[in-house]
Amino acid sequence: MSMFQRQAWSDVLAVKRILIVEDDPILGNLLLEVLQEEAIYQGHLAPSGEMALNMLQTITPDLFLLDYHLPGMNGLELADQLQRREGGEQTPILLMSADLPQESGALDHLRTLRKPFDLETLLQLIANLLA
Numbered sequence: 001m002s003m004f005q006r007q008a009w010s011d012v013l014a015v016k017r018i019l020i021v022e023d024d025p026i027l028g029n030l031l032l033e034v035l036q037e038e039a040i041y042q043g044h045l046a047p048s049g050e051m052a053l054n055m056l057q058t059i060t061p062d063l064f065l066l067d068y069h070l071p072g073m074n075g076l077e078l079a080d081q082l083q084r085r086e087g088g089e090q091t092p093i094l095l096m097s098a099d100l101p102q103e104s105g106a107l108d109h110l111r112t113l114r115k116p117f118d119l120e121t122l123l124q125l126i127a128n129l130l131a
């Protein structure tokens with residue numbers, strides 16, 4: 001294996017998969033584009049919690065970006081399901097919403113980001129969560 005091939009192979013291995021669960025197609029696609037521009041991230045988009053859970057049969061994300069308001073189960077319910085999965089408690093979750101639930105303790109185990117947010121702030125948070 002040449003040095004170039006070895007470097008390319010290690011680059012492939014370093015890519016972090018991020019599953020975005022967002023039902024607003026405009027925001028979802030914007031987030032996908034922003035992540036794809038960062039060569040180290042591979043974004044995947046699901047419009048609902050159910051679709052996200054189905055996608056986990058074929059991908060293993062390094063990070064979840066969850067909208068709070070989703071059709072069917074909300075982002076908090078999805079986060080609970082994700083954390084109960086085998087190995088799920090190690091995968092960071094970022095919950096995004098304009099109005100986060102106020103129940104005490106509901107968000108203790110999650111990082112949150114209030115909408116609307118600055119894309120630089122999001123990328124910094126993602127980098128911190130994956131560090």
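For the record, in the sequence shown the residue sitting at position 18 is 18 according to UniProt numbering, with numbers rising by one throughout. Every residue gets a Cβ at the ideal spot worked out from N, C-alpha and C, and that includes glycine.
Looking at the secondary structure, which residues open and close the alpha helix (DSSP H) in which residue i lies?
i      : result
Gly75  : 75-84
Leu122 : 119-130
Who are residue i's beta bridge partners in DSSP?
i     : result
Tyr41 : Lys16
Val21 : Ala46, Leu66
Since residue i and residue j are thought to touch, with beta carbons under 8 Å apart, how far apart are those beta carbons, to the nearest angstrom?
i      : j      : result
Asp67  : Val21  : 6 Å
Pro71  : Ser97  : Incorrect: roughly 15 Å between the Cβ atoms, too far for contact.
Leu122 : Arg111 : That pair is no contact at about 11 Å.
Leu19  : Met55  : 7 Å
Lys16  : Leu130 : 5 Å
Ile26  : His44  : Actually they do not touch by this definition, with Cβ atoms about 17 Å apart.
Taking the continuous beta strand (DSSP E) assigned at residue i, which residues delimit it?
i      : result
Thr112 : 111-114
Leu95  : 93-97
Margin query: Runs of 3 residues minimum, wholly inside the stretch 49-76: which ones carry the beta strand (DSSP E) assignment?
Written below: Runs found: 63-67.
Check: Any contact of the stretch 80-97 with the stretch 37-47, i.e. 3+ C-beta pairs under 8 Å?
Finding: Taking a contact to require three or more Cβ pairs closer than 8 Å, the stretch 80-97 and the stretch 37-47 do not qualify as touching.
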